[in-house]
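Structure first, then comments.
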Amino acid sequence: MAWCNVHFFGESIQKHSAMNVLLPEGDGPFPVLVLLHGLSDDYSIWHRRTSIEQIVATMPLIVVMPDGHRSFYCNDPNPGGCAYEDHIVNDVVGFVDRTFPTVAEASGRAIGGLSMGGYGAMMLALRHPDVFSAVSAHSSAFHFTHRAIAGRADVSPYAASFPAGKYDCFALAESFAAGDAELAIRFDCGADDGLLEANRDFHAHLDRLGIDHQYAEYPGAHTWEYWGEHIRDTLAFIK
Numbered sequence: 002m003a004w005c006n007v008h009f010f011g012e013s014i015q016k017h018s019a020m021n022v023l024l025p026e027g028d029g030p031f032p033v034l035v036l037l038h039g040l041s042d043d044y045s046i047w048h049r050r051t052s053i054e055q056i057v058a059t060m061p062l063i064v065v066m067p068d069g070h071r072s073f074y075c076n077d078p079n080p081g082g083c084a085y086e087d088h089i090v091n092d093v094v095g096f097v098d099r100t101f102p103t104v105a106e107a108s109g110r111a112i113g114g115l116s117m118g119g120y121g122a123m124m125l126a127l128r129h130p131d132v133f134s135a136v137s138a139h140s141s142a143f144h145f146t147h148r149a150i151a152g153r154a155d156v157s158p159y160a161a162s163f164p165a166g167k168y169d170c171f172a173l174a175e176s177f178a179a180g181d182a183e184l185a186i187r188f189d190c191g192a193d194d195g196l197l198e199a200n201r202d203f204h205a206h207l208d209r210l211g212i213d214h215q216y217a218e219y220p221g222a223h224t225w226e227y228w229g230e231h232i233r234d235t236l237a238f239i240k
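With the numbering used here applied, the sequence shown corresponds to residues 2 to 240, in that order.
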């Protein structure tokens, strides 16, 4: 397996960005997992804080870990804001498909993440089922743009700047349920995680809508110990 540290120009955000890529041995083509980071981290964190490289060492899978800054992977409508939704869907996916031996279609592409990245993974999958065929999220901030997040003055004004429903996972799920797209969905959360209520609410919402999905709660909190263990569930789900 090769570990690639990639620096490239993101056309959608008009700036240079970076990502880590784990590339298996062989000629491919290989399916792809795009794995997103949380609010306080960057593209390097999955590789630095978990055993992801060891876990996928024998898997025929390309793992792509891009940078999303503090964007919640949305297109920021504020002056000077960057289009990180477009960056992931167009710049990152496009660069990876042009550069590596991928299965360059939705059936060969999954997305996952933790916390902000868990929200981002679910949001992007629901908005782009033509790009991703599966999503697996951990400890996700599903209430982002759906309702105010208590105690997060750094996040709430940003969330309020978006058009109603555009990036709300609850509203996106309703639109998804009314259509005919297909998407394999799973998510989990720790029983001692402060985002547990948001995950339970989203699980109940999908149940009400009749959207097939897997949801699990495990012992643990909003920690790297939890994510390092349960990334294995994501990898098992997307096989």
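Cβ atoms here follow ideal geometry from the backbone N, Cα and C, with glycine treated the same way.
Just curious, the beta strand (DSSP E) that residue i is in, first and last residue?
i: Val93; result: That residue, Val93, is in no beta strand (DSSP E); it is neither H nor E in DSSP.
i: Ser137; result: 135-139
i: Val35; result: 33-37
Bridge partners for residue i per DSSP, in chain order?
i: Gln215; result: Arg187
i: Met66; result: Asn21
i: Asn6; result: Asn21
i: Lys167; result: Paired residues: none, contrary to the question.
i: Ile112; result: Val35, Val136
i: Asn79; result: Answer by DSSP bridge pairing: none, since Asn79 is not bridged.
i: Ala84; result: Asn76
i: Gly11; result: Lys16
i: Thr103; result: Phe31
Taking Cβ positions only, does residue i come closer than 8 Å to chain B?
i: His223; result: Looking for chain B here will not work: only one protein chain is present.
Let me check understanding here. Comparing Cα to Cα, which of the options lies closest to residue i?
i: Ser1; options: Gly211, Gly119, Asn200; result: With the chain covering 2 to 240 only, the question about residue 1 has no answer from this structure.
i: Val57; options: Asp208, Pro32, Val104; result: Pro32
i: His21; options: Met2, Asp28, Gly27; result: What sits at residue 21 in the sequence shown is Asn, not His. It is Met2 whose Cα lies nearest to the Cα of Asn21.
i: Phe145; options: Ile89, Phe203, Asn6, Glu218; result: Phe203
i: Phe171; options: Pro25, Ala126, Thr51, Ala135; result: Ala126
i: Thr51; options: Leu62, His38, Pro61; result: His38
i: Thr100; options: His214, Phe177, Asp28; result: Asp28
i: Tyr219; options: Asp98, Phe188, His206, Pro61; result: Phe188
i: Ala84; options: Ile63, Glu230, Gly69; result: Gly69
i: Gly93; options: Ala217, Phe133, Arg49, Leu210; result: First, the amino acid is wrong: residue 93 is Val here, not Gly. Measuring from the Cα of Val93, the nearest candidate turns out to be Phe133.
i: Pro130; options: Gly82, Gly180, Ala165, Leu115; result: Gly180
i: Ala1; options: Ile239, Pro30, Glu26, Pro25; result: Any question about residue 1 goes unanswered here, given that the chain covers just 2 to 240.
i: Asn76; options: Ala205, Ala105, Pro164, Asn200; result: Pro164
i: Ser45; options: Tyr168, Asn6, Asp208; result: Asn6
i: Thr103; options: Tyr168, Ala217, Leu62; result: Leu62
i: Asp43; options: Met117, Ala217, Ala161; result: Met117
i: Val35; options: Asn91, Leu196, Glu230; result: Asn91
i: Ala135; options: Lys16, Asn200, His214; result: His214
i: Ala182; options: Phe9, Ala19, His88, Arg128; result: Arg128
i: Asn229; options: Glu26, Gln55, Phe9, Gly11; result: What sits at residue 229 in the sequence shown is Gly, not Asn. It is Gln55 whose Cα lies nearest to the Cα of Gly229.
i: Gln15; options: Ile53, Ala217, Gly82; result: Gly82
Assuming residue i is part of the alpha helix (DSSP H), what are its boundary residues?
i: Ala178; result: 170-179
i: Gly119; result: 117-128
i: Leu210; result: 197-210
i: Leu236; result: 225-239
i: Glu1; result: The chain is shown from 2 up to 240; residue 1 falls before or after that span and cannot be answered.
i: Ser157; result: 157-161
i: Arg153; result: First-last for Arg153: undefined, no H or E at that position.
i: Arg49; result: 46-50
Cβ contact check for the region 106-114 and the region 151-164: 3 or more pairs under 8 Å = no
task = Check whether the region 171-185 touches the region 219-233, counting contact only when three or more Cβ pairs, one atom from each stretch, lie closer than 8 Å.
result = no
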